[in-house]
Amino acid sequence: MPEPTTADTAVPTGPDVDVVDLLLTQHARIEEQFLLVAAATGDARQETFDDLVRLLAVHETAEEEVVHPLSRSLLDDGDPLIDDRLAEEHQAKDMLKQMLDAGADDAGFDDALLLLRHAVLSHARHEERYEFPALRAKVPADQLRALATAVRAAEALAPTRPHPGTESATANLVLGPPLAIIDRVRDAIRSATRPGS
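Positions in the sequence shown are counted from 1; adding 842 to them yields my numbering.
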């Protein structure tokens, strides 16, 4: 039986689901995906890592476009709170770039994966503890639900597999498509959050 390459975490649906619900689910999916990457071998390792990279790209772009600007503008301590989250995201992106440059078959991949996992999950816990509860306390529920639509649209538009002519999603990322993923996610979010959408 082939190894699964993505975490099977159900995405919440329904009229009461808000952006925080979706981001919490993404955090769980990312955490599960780290475990799948760590357990995988051979070609499955590269595939699970590619899937992790995609999840992280979509998730962080959605946060940077939707959640962090809202938190920065509405929360009493929004500026320092978001500056800290963005610094954590920058650190994780630097670590991820080094891993992409080295490849999933690199001798140091396992150690790098553990460090990346710690950085990403620590970042997620900070959001869950400090940012998300404050958003729920300050932002009207209907606005949080509307933002969930933007995040869903962004997720739906992100590519799930490599572009033709490249051997993996990792190669796509090294060649520039993370910017394409980010651009597509940003466009989807902006379209979904535009008045009258």
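Virtual Cβ for every residue (Gly too), placed ideally from N, Cα, C.
In this structure, the straight-line span from the alpha carbon of A886 to that of A966 is close to 26 Å. For G884 and A934, the gap between their C-alpha atoms comes out near 24 Å. Taking H869 as the centre and dropping the five residues before and after it, the same chain places the C-beta of A966 closer than 6 Å to its C-beta, in chain order. Per DSSP, A995 is one residue of the alpha helix (DSSP H) stretching across A983 to L999.
Counting along the chain, the unbroken alpha helix (DSSP H) around T903 starts and ends at G884 to A904. In terms of Cβ geometry, L864 and A983 do not form a close pair [threshold 8 Å]. For R914, the enclosing alpha helix (DSSP H) covers residues H910 to L916.
Taking all protein chains shown into account, Q875 has 16 or more neighbouring C-beta atoms within 10 Å of its C-beta and is therefore buried. Beyond the five residues adjoining it in sequence on each side, V962 comes within less than 8 Å, by CB distance, of I872, F876, L898 and A934 in the same chain, given in chain order. For A881, the uninterrupted alpha helix (DSSP H) segment begins and ends at V861 to A881.
Apart from sequence neighbours up to five positions away, the residues of its chain that approach A904 with a beta-carbon distance below 6 Å are V993 and A996, ordered along the chain. Boundaries of the alpha helix (DSSP H) harbouring R967: F951 to H968, taken from the DSSP string. Just so you know, the alpha carbons of H960 and V879 end up roughly 14 Å apart. Restricting attention to A881, H932, Q940 and D892, the CA atom closest to the CA of E906 is found in H932. Only exposed fits L916, as fewer than 16 other CB atoms lie within 10 angstroms of its CB.
Residue state for G920 is assigned as helix, using DSSP reduced to three classes.
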